[in-house]
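Below: one structure, written as structure tokens.
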Amino acid sequence: MNRYLPLICLALIHTVVDTSALLVSPIWNEITIECRLAGASLVVVMLSQAMPTSLAQGVFGYLRDRRRMGALIIGAPLLAVVCLTAIGPAVNPGRVPLLCGLFIVGGVAVGAFHPEAAVTVGSLLPENRTRALSIFMLGGSLGLAIGPTLSGLVVKAWGLDGLARLMPGLVCLVPLLYWGMRSRLKGRRLPPTTRAALSVKEMFDGRLGLALFLLLVCSLRLVPNMGLAKIVAFTLANRGFGPLEIGYVQSAFLVSGSLGMLLMAMLFRQGWERSFLIACPLIGLPFLAVLGWQECPTWLFLTMLFPTGLVLWGTTPTMVSYAQQMFPRGAGLASAMTMGLAWGGGGLIEVGFTAHFRDINAPQCAVWAFIPFVAISALGAWFLPDAVADSSTLQPVNPPSTCEEDHFGGTATSENEEEKT
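Each position in the sequence shown, counted from 1, maps to that position plus 11 in our numbering.
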């Protein structure tokens, strides 16, 4: 059990990060109304919220494969918490630039955290990378589930300005979890290091075409993942739901994704990744069809959110695991591509549809616009090669260092020393 404790602490930091990121989720209707957003202005604000995280993951994923940046595991969450709990007071027609700035800086901090954390997770349980990533992403998904409800409760009690009240508690929680992770990592052995920094081409083993195709497949698969939270907020607001009720629904929706990740952590077997990339989008199509039906009764709309989250959210660790197995020498960039850039690609596709259908007061119809992209992603996944099955090839090649340091500044030990400790 001790070998899982650093992983659990890191997953809980992930929970804090993604809780902060999802505080905005149930208040999109309030932001749109209070800031008088429509058309291009709504698209700009949505992009400032969605894109920085994704782009930052790509940049920091590349940098991580050239240099360890363990400090990001504590620094980035702290910055994310500060910025993303401050958005409430910025919801004002005269403060839209400030709101966008907070979204951008907070989003970059969220994106900076994920590549370093994901590669660290993979090295903590290298014999079953998918299980380790599922536990890590389960922590993130729990944060996504907690964020909307927490936001709704605070906004109902103190208004939008009340989000800033969350800052002190979350800021204190991050160092405690980081300390717990570091204390449990002492004495751990690390994968071997390399002395040569790798180019992007070398990180992808010369298969840039395959990497770009995988990015496309994952981006198309994630179009509904990026859009549904906003669509749920707009749709339920039109049906008389307040921020708290919307937060409850979004949290329940994302809990279904957490349940899917938990099942993945317990039951998934290495080698199933490609099959999941094909099957899960196809299974999700009927659920999306029902969600996009504008005359759908509220009870049916709410019911369909559970299987949609289970199938389309709960199985996303397969994308990360597949990418790391295909490109073991660039594990950080591969993680960033599937956990960040692909989500950004999906967001870039969905935001125009979401804003358009919100402007014509038919937000639900945007879901139908997402269906072709999901279907194409399943077709594209059919042409992907099978993931590498040999766990000995899954170790990321770490960047040069002057000594055998661990991710957090400790010194690696031999097997005999580890046994003595």
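Just so it is clear, CB atoms sit at the ideal spot from N, CA and C, and this is done for glycine as well.
Member of GLY303, ALA123, HIS25 and ASN372 whose CA lies at the smallest distance from the CA of ARG79: Your numbering for residue 79 matches position 68 in the sequence shown. That would be ALA123, whose Cα lies nearest to the Cα of ARG79.
ILE438 vs LEU171 beta-carbon contact at 8 Å: This structure cannot speak to residue 438, because the chain is shown only from 12 to 432.
Segment contact flag, the stretch 369-386 with the stretch 148-164, C-beta cutoff 8 Å, min 3 pairs: The answer is no - the stretch 148-164 does not touch the stretch 369-386, with fewer than three Cβ pairs under 8 Å.
C-alpha gap between ALA222 and GLN335, whole angstroms: Counting from one through the sequence shown, the residue named residue 222 turns up at place 211. Counting from one through the sequence shown, the residue named residue 335 turns up at place 324. About 11 Å.
Alpha-carbon to alpha-carbon, MET178 and ALA97: As a working note, residue 97 is residue 86 in the sequence shown. As a working note, residue 178 is residue 167 in the sequence shown. The alpha-carbon atoms of ALA97 and MET178 are separated by roughly 8 Å.
Local conformation of GLU306 per DSSP, three classes: Translated into the one-based positions of the sequence shown, residue 306 becomes position 295. Correct three-state label for GLU306: coil.
Residue closest to MET62, alpha-carbon to alpha-carbon, out of HIS367, GLY391, ASP397 and GLY357: Counting from one through the sequence shown, the residue named residue 62 turns up at place 51. Of the candidates HIS367, GLY391, ASP397 and GLY357, the residue whose Cα lies closest to the Cα of MET62 is GLY357.
Cβ-Cβ distance between VAL92 and CYS46 below 8 Å: Residue mapping note: residue 92 aligns to position 81 of the sequence shown, counting from 1. Residue mapping note: residue 46 aligns to position 35 of the sequence shown, counting from 1. No, Cβ-Cβ distance for VAL92 and CYS46 is not below 8 Å.
Presumed contact (8 Å Cβ cut-off) between HIS125 and GLY351, rounded CB distance: Working through the sequence shown from its first residue, we reach residue 125 at position 114. Working through the sequence shown from its first residue, we reach residue 351 at position 340. Right, their Cβ atoms sit about 6 Å apart.
C-beta contact flag for PRO328 and MET192 at 8 Å: Against the sequence shown, residue 328 aligns to sequence position 317. Against the sequence shown, residue 192 aligns to sequence position 181. Contact annotation: PRO328 and MET192 have beta-carbon atoms that are not nearer than 8 Å.
Cβ contact (3+ pairs, closer than 8 Å) linking the stretch 30-40 and the stretch 162-170: yes
The stretch 54-72 touching the stretch 288-304, judged by at least three CB pairs closer than 8 Å: no
Complete beta strand (DSSP E) runs within the stretch 293-359 (minimum length 3 residues, chain order): none
Alpha carbon of ASP397 to alpha carbon of GLU284, nearest angstrom: Counting from 1 along the sequence shown, the entry for residue 397 is found at position 386. Counting from 1 along the sequence shown, the entry for residue 284 is found at position 273. Rounded to the nearest angstrom, the two C-alpha atoms are 8 Å apart.
Three-way DSSP call (helix, strand, coil) for TRP169 in this model: Looking up residue 169 in the sequence shown gives position 158. Three-state DSSP puts TRP169 in a helix.
DSSP-derived helix/strand/coil call for TRP190: The residue you call residue 190 lines up with position 179 of the sequence shown. TRP190 falls in the helix class under three-state DSSP.
CB contact below 8 Å: VAL107 versus chain B: Note that chain B does not occur in the displayed structure, where there is just one protein chain.
Of the listed residues LEU33, PRO88 and VAL102, nearest to ILE44 (C-alpha basis): Residue numbering aside, residue 44 sits at position 33 when the sequence shown is read from its first letter. Per the Cα distances, VAL102.
MET214 vs PHE364 beta-carbon contact at 8 Å: Residue numbering aside, residue 214 sits at position 203 when the sequence shown is read from its first letter. Residue numbering aside, residue 364 sits at position 353 when the sequence shown is read from its first letter. Not closer than 8 Å, so no.
Spatial distance of TRP379 from ALA82 (CA atoms): Sequence index remark: in the sequence shown, residue 379 carries index 368 (1-based). Sequence index remark: in the sequence shown, residue 82 carries index 71 (1-based). Approximately 42 Å, taken between the alpha carbons.
Pairwise C-alpha distance: SER162 and ALA32: For this step, residue 32 is matched to residue 21 along the sequence shown. For this step, residue 162 is matched to residue 151 along the sequence shown. Each residue's CA atom was taken as its position, placing ALA32 and SER162 some 11 Å apart.
Range of the contiguous alpha helix (DSSP H) that encloses ASP216: Counting from 1 along the sequence shown, the entry for residue 216 is found at position 205. For ASP216, there is no enclosing alpha helix (DSSP H), as DSSP marks it with neither H nor E.
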